[in-house]
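Going down the list, the protein sequences come from chains A and B. Mapped onto the working numbering, the consecutive letters of the first sequence carry residue numbers 1 to 294. Mapped onto the working numbering, the consecutive letters of the second sequence carry residue numbers 295 to 641.
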Amino acid sequence: MQTKRTIFPNKVLPYLLLVPQLAVTLVFFIWPALQAVKSSFEREDPFGFKTTFVWFENYRRLFADPNYLGSLSKTAVFATSVTVLAMSVSLLLAVAVSRVLRTSRLYTTLLVWPYAVAPVVVGVLWWFMFNPTIGIAPYILRGFGVDWNHRVDGVDAMLLVVMAASWKQISYNFLFFVAGLQSIPQSLIEAAAIDGAGPFKRFWTIVFPLLSPTTFFLLIININYAMFDTFGIIDATTQGGPAQATNVLVYKVYSDGFLGLNIGSSSAQSVILMIVVIALTAVQFRYVERRVQY
Amino acid sequence: MASIDISAVKKIYAGNVTAIHNLDLTIPDGELVVLVGPSGCGKSTLLRMIAGLETITEGTVSIDEQVVNKKEPAERDIAMVFQNYALYPHMSVRGNLEYGLKNRGTPRDEIDRRVAEAARILEIEPFLDRRPRQLSGGQRQRVAMGRAIVRKPKAFLFDEPLSNLDAKLRGQMRIEIKRLQRSLKTTSVYVTHDQLEAMTLADRLVVMNAGRIEQVGAPIELYERPATLFVAGFIGSPPMNLIEVDYLRGRGDDLKLPEGTDLCGVRPDTIQVADPGEPSVRLDATIELYEPIGGESHLHLRLEGSGQLIVAAVPARTAVVEGATIPLFVRIADLHPFNRDSGRRTD
Ligand SMILES: Nc1ncnc2c1ncn2[C@@H]1O[C@H](COP(=O)(O)OP(=O)(O)OP(=O)(O)O)[C@@H](O)[C@H]1O
Ligand SMILES: [Mg+2]
Numbered sequence: 001m002q003t004k005r006t007i008f009p010n011k012v013l014p015y016l017l018l019v020p021q022l023a024v025t026l027v028f029f030i031w032p033a034l035q036a037v038k039s040s041f042e043r044e045d046p047f048g049f050k051t052t053f054v055w056f057e058n059y060r061r062l063f064a065d066p067n068y069l070g071s072l073s074k075t076a077v078f079a080t081s082v083t084v085l086a087m088s089v090s091l092l093l094a095v096a097v098s099r100v101l102r103t104s105r106l107y108t109t110l111l112v113w114p115y116a117v118a119p120v121v122v123g124v125l126w127w128f129m130f131n132p133t134i135g136i137a138p139y140i141l142r143g144f145g146v147d148w149n150h151r152v153d154g155v156d157a158m159l160l161v162v163m164a165a166s167w168k169q170i171s172y173n174f175l176f177f178v179a180g181l182q183s184i185p186q187s188l189i190e191a192a193a194i195d196g197a198g199p200f201k202r203f204w205t206i207v208f209p210l211l212s213p214t215t216f217f218l219l220i221i222n223i224n225y226a227m228f229d230t231f232g233i234i235d236a237t238t239q240g241g242p243a244q245a246t247n248v249l250v251y252k253v254y255s256d257g258f259l260g261l262n263i264g265s266s267s268a269q270s271v272i273l274m275i276v277v278i279a280l281t282a283v284q285f286r287y288v289e290r291r292v293q294y
Numbered sequence: 295m296a297s298i299d300i301s302a303v304k305k306i307y308a309g310n311v312t313a314i315h316n317l318d319l320t321i322p323d324g325e326l327v328v329l330v331g332p333s334g335c336g337k338s339t340l341l342r343m344i345a346g347l348e349t350i351t352e353g354t355v356s357i358d359e360q361v362v363n364k365k366e367p368a369e370r371d372i373a374m375v376f377q378n379y380a381l382y383p384h385m386s387v388r389g390n391l392e393y394g395l396k397n398r399g400t401p402r403d404e405i406d407r408r409v410a411e412a413a414r415i416l417e418i419e420p421f422l423d424r425r426p427r428q429l430s431g432g433q434r435q436r437v438a439m440g441r442a443i444v445r446k447p448k449a450f451l452f453d454e455p456l457s458n459l460d461a462k463l464r465g466q467m468r469i470e471i472k473r474l475q476r477s478l479k480t481t482s483v484y485v486t487h488d489q490l491e492a493m494t495l496a497d498r499l500v501v502m503n504a505g506r507i508e509q510v511g512a513p514i515e516l517y518e519r520p521a522t523l524f525v526a527g528f529i530g531s532p533p534m535n536l537i538e539v540d541y542l543r544g545r546g547d548d549l550k551l552p553e554g555t556d557l558c559g560v561r562p563d564t565i566q567v568a569d570p571g572e573p574s575v576r577l578d579a580t581i582e583l584y585e586p587i588g589g590e591s592h593l594h595l596r597l598e599g600s601g602q603l604i605v606a607a608v609p610a611r612t613a614v615v616e617g618a619t620i621p622l623f624v625r626i627a628d629l630h631p632f633n634r635d636s637g638r639r640t641d
């Protein structure tokens with residue numbers, strides 16, 4: 001890749017310019033991360049008076065804990081569902097919008113709004129809509145004979161957080177898909193139409209493969225989002241319940257650490273999460289930056 | 295193989311842009327018709343309406359005696375070669391050639407046979423397993439041609455297929471397209487704004503201007519007898535000189551021109567420096583610039599009296615001096631009489 005080089009006459013100035021950013025990163029990211037790594041190897045007594053170095057004890061316990069393993073599988077279900085739902089709905093919307101050219105700006109603007117809503121507000125919104133006593137959705141569902149109660153039913157609860165989390169991510173995906181679709185030359189679609197491919201076939205054999213760099217990028221981003229960025233939504237809707245049904249990793253870190261005050265275990269969990277992020281980012285850099293396939 | 299009939303076709307784009315006004319054109323089976331005209335005159339629009347990529351506002355387009363207005367591009371059984379080739383970047387060359395056949399449910403062995411044949415004709419066999427981005431512009435062009443011919447369609451549509459190639463390659467591909475079309479005898483419509491391409495490829499040339507047909511005919515007919523001032527100025531390089539009849543009268547032999555003639559077209563290569571000894575007009579002009587271009591030389595001249603600038607094409611080694619005023623001769627038989635207001639030929 002070609003990069004532009006700027007030559008500074010002063011040797012110190014470039015470093016000076018980097019200092020604020022580096023300082024912020026150091027104080028708010030690197031330092032807490034190192035702290036987490038450190039405390040993941042320690043055990044603290046319940047009153048916080050004494051810490052002992054326990055090697056991998058916290059990790060060993062985690063992987064022996066059925067609650068943690070349960071949370072792991074809940075996270076897998078949650079992240080997969082959110083990613084699949086958010087990406088497929090946004091792709092559908094993007095394709096639909098790029099078909100109606102005249103009003104597409106209006107639709108685009110409207111569809112991007114959810115992204116500007118804070119996660120907790122999203123959570124509250126959905127909590128309100130699906131509130132078993134006062135919400136509109138359970139009321140309508142009852143009409144169809146569905147008894148919705150995410151306070152009792154674990155499946156309902158999972159559905160609710162998946163919907164809420166996907167809803168917020170759809171706008172983001174949508175923007176990228178719209179841009180991706182626009183970068184596919186119209187003449188390719190026309191050539192395929194002349195080559196005898198109907199709209200469905202055109203989509204699956206031409207558009208979708210050409211969109212794969214965008215899709216792959218979004219895949220990583222969405223997994224990241226579902227795994228690490230959905231704390232607010234879960235906290236505002238189900239708080240991990242009922243009976244751990246929606247207690248995904250990122251929420252469990254919080255509840256074990258701040259509610260359960262088990263700092264050692266919580267730190268070990270966040271280190272594991274960090275490793276997952278690093279792995280995902282590495283995959284992303286390796287494949288997305290070097291472009292996919294063709 | 296099929297004829298193409300365009301009857302009273304009109305195209306109005308959104309925003310009330312009329313791109314084609316009531317156009318009629320019949321292309322007999324096996325003929326190669328070239329559409330030529332200035333940018334924005336509606337060539338691509340017309341081609342895309344034949345292909346089914348653009349709706350037809352009014353009138354009918356028929357292919358093989360069937361009205362295709364309502365038919366999808368796929369159902370029209372035509373093939374198109376795009377200016378940017380429009381090769382599928384994520385498929386190999388073979389994949390590109392096979393795509394249209396697969397979509398139509400052609401049996402596997404038939405696909406293989408046809409792809410092999412097209413690859414042989416176009417000499418793209420060595421690249422069959424490459425991706426389009428691993429090919430040069432000329433090779434991509436061949437693949438685009440290959441994709442058109444494997445399908446054995448009723449008609450080929452070309453939209454400036456050579457304009458992204460350099461001059462030399464363009465010349466080669468032009469000859470190849472001509473040869474291919476001759477041997478396959480597939481009805482073809484070819485859009486270009488390159489005059490040389492238009493003149494050499496066309497069985498019949500269609501000159502378009504502002505959404506209308508100016509003239510249709512064999513290229514040489516259009517050159518020798520342009521029906522309108524527009525065609526006179528568009529076909530031929532350097533373009534035809536247009537001189538007022540009033541200026542020509544009284545210079546040289548007696549002018550007998552048809553009623554209503556007020557402008558005369560003079561092809562640069564019909565201007566002679568020696569008296570031809572036939573009825574002719576004599577012009578006196580000052581040589582402003584002498585341009586040797588190899589096989590011939592161009593003289594940029596300023597006419598005595600009117601001060602009009604004209605161009606003459608004379609044999610390469612004509613001995614003239616810049617700044618000199620010389621006599622020039624044009625045979626009266628070589629004059630093209632026009633009426634300025636109607637823009638049409640008067641004889
Ligand atoms: N999609 C469109 N919407 C509105 N107007 C259009 C559209 N496409 C073309 N036009 C207009 O129709 C006219 C004819 O366009 P067309 O593309 O057919 O020209 P062309 O002869 O192919 O020109 P060129 O030689 O530059 O390719 C132009 O005035 C153009 O601005
Ligand atoms: Mg065009």
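Ideal Cβ placement from N, Cα and C applies to all residues, glycine included. Keep in mind it's a predicted model, so treat the numbers as computed, not measured.
- At least one C-beta of chain A is nearer than 8 Å to the C-beta of G394 of chain B.
- At a C-beta separation below 8 Å, R398 of chain B has these neighbours in chain A: G196.
- In the structure shown, I321 of chain B adopts extended strand secondary structure according to DSSP, grouped into three states.
- With respect to the C-alpha of V89 of chain A, the residue from A:V12, A:T205, A:L273, A:V162 having the closest C-alpha is A:V162.
- The segment 137 to 151 of chain A makes no contact with the segment 188 to 207 of chain A, as fewer than three CB pairs between them are under 8 Å.
- For M534 of chain B, the secondary structure class from DSSP, reduced to helix, strand or coil, is coil.
- Three or more beta-carbon pairs separated by less than 8 Å are not found between the segment 228 to 240 of chain A and the segment 44 to 62 of chain A, which leaves the two stretches without contact.
- DSSP lists B:L451 as the beta-bridge partner residues of M374 of chain B.
- Counting along the chain, the unbroken beta strand (DSSP E) around A302 of chain B starts and ends at 298 to 307.
- For A193 of chain A and T339 of chain B, the gap between their C-alpha atoms comes out near 17 Å.
- Rounded to the nearest angstrom, the Cβ distance from A618 of chain B to I581 of chain B is 6 Å, consistent with a contact under 8 Å.
- Chain-ordered, the chain A residues with CB closer than 7 Å to the CB of Y382 of chain B read L188, I206.
- By the rule that beta-carbons nearer than 8 Å mark a contact, A296 of chain B does not touch chain A.
- Per the coordinates, the alpha-carbon of W167 of chain A lies some 7 Å from the alpha-carbon of P114 of chain A.
- For K396 of chain B, the distance from the CB to the nearest heavy atom of ligand 1 is not below 7 Å.
- In the structure shown, D569 of chain B falls within a coil segment according to DSSP collapsed to helix, strand and coil.
- In the displayed model, F144 of chain A falls within coil according to three-state DSSP, outside both helix and strand.
- Collapsing the DSSP output to three states places L34 of chain A in a helix.
- The three-state secondary structure of E366 of chain B, taken from DSSP, is coil.
- Burial check for T246 of chain A: the Cβ neighbour count within 10 Å reaches 16 or more, so the residue is buried.
- Beyond the five residues adjoining it in sequence on each side, P322 of chain B comes within less than 8 Å, by CB distance, of S297, T481 in the same chain, given in chain order.
- Under the three-pair Cβ rule at 8 Å, the segment 571 to 590 of chain B counts as touching the segment 614 to 630 of chain B.
- In the DSSP secondary-structure assignment, F53 of chain A is bridged to A:E42.
- Nearest CB-CB separation between A179 of chain A and chain B: not below the 8 Å threshold.
- Legend: CB atoms of the segment 201 to 235 of chain A lying less than 9 Å from CB atoms of chain B belong to residues K201, T205, I206, P209, L210, S212.
- Closer than 8 Å to the CB of A64 of chain A there is not a single CB belonging to chain B.
- The Cβ-Cβ distance between G336 of chain B and G505 of chain B falls below 8 Å.
- Taken in chain order, the complete beta strand (DSSP E) segments of 3 or more residues contained in the segment 453 to 491 of chain B are 481 to 486.
- In this structure, K11 of chain A has its CB at a distance of at least 7 Å from all heavy atoms of ligand 2.
- Assigned with DSSP and collapsed to three states, Q433 of chain B falls in helix.
- When the Cα atoms are used, F29 of chain A and Q269 of chain A turn out to be separated by approximately 17 Å.
- By the C-beta density criterion, Q509 of chain B is buried, having at least 16 other C-beta atoms within 10 angstroms.
- In the assembly as shown, F49 of chain A is an exposed residue. Its beta-carbon has fewer than 16 other beta-carbons within 10 Å.
- Contact between L280 of chain A and I223 of chain A holds, since their C-beta atoms are separated by about 6 Å, short of 8 Å.
- Contact annotation, T237 of chain A with G123 of chain A: C-beta distance approximately 5 Å; criterion of less than 8 Å satisfied.
- Of the residues assessed, Q21 of chain A falls on the exposed side of the cut-off, its CB having fewer than 16 other CB atoms within 10 angstroms.
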